[in-house]
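Each residue of the sequence shown is one higher than the one before, counting from 985 in the numbering used here. Positions of the beta carbon are idealized from the N, C-alpha and C atoms, including for glycine. First comes the structure, then the notes that go with it.
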Amino acid sequence: MTNHNISKFDKEYSTQWNYERDYLESIGVKYTFVKEINGISTYKYKKNSELFKALSSFYMEIETK
985 MTNHNISKFD KEYSTQWNYE RDYLESIGVK YTFVKEINGI STYKYKKNSE LFKALSSFYM
1045 EIETK
């Protein structure tokens, strides 16, 4: 793997889905900041293994419903 585009890599994960944000908050994963544009809130999270484990659990849970 090369590092050609590493500077263009988005270091934050974002969501606009309140259900996802609420789930992450309920298990202790906090967003780092909120960006609001035209009344729509975008929640930004630092990308790390804790976040991706939580997202994996979240999507596995909603897929089984």
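Measuring only the C-alpha atoms, how far is residue i from residue j?
i       : j       : result
Tyr1029 : Lys1049 : 25 Å
Lys992  : Ile1024 : 24 Å
Ile1011 : Asn1032 : 15 Å
For residue i, count neighbouring Cβ atoms within 10 angstroms of its own Cβ and tell me buried if that reaches 16, exposed if not.
i       : result
Tyr1015 : buried
Tyr1003 : exposed
Tyr1027 : buried
Tyr1043 : exposed
Less than 8 Å between the CB atoms is what I'm expecting for residue i and residue j, so what's the real figure, rounded?
i       : j       : result
Val1013 : Glu1034 : 6 Å
In the DSSP assignment, find the beta strand (DSSP E) that holds residue i and state where it starts and stops.
i       : result
Ile1024 : 1024–1030
Tyr1003 : Run containing Tyr1003: none in the beta strand (DSSP E); it sits in the alpha helix (DSSP H), 1002–1010.
Lys1019 : 1017–1021
If I follow the unbroken alpha helix (DSSP H) through residue i, where does it start and stop?
i       : result
Tyr1043 : 1033–1047
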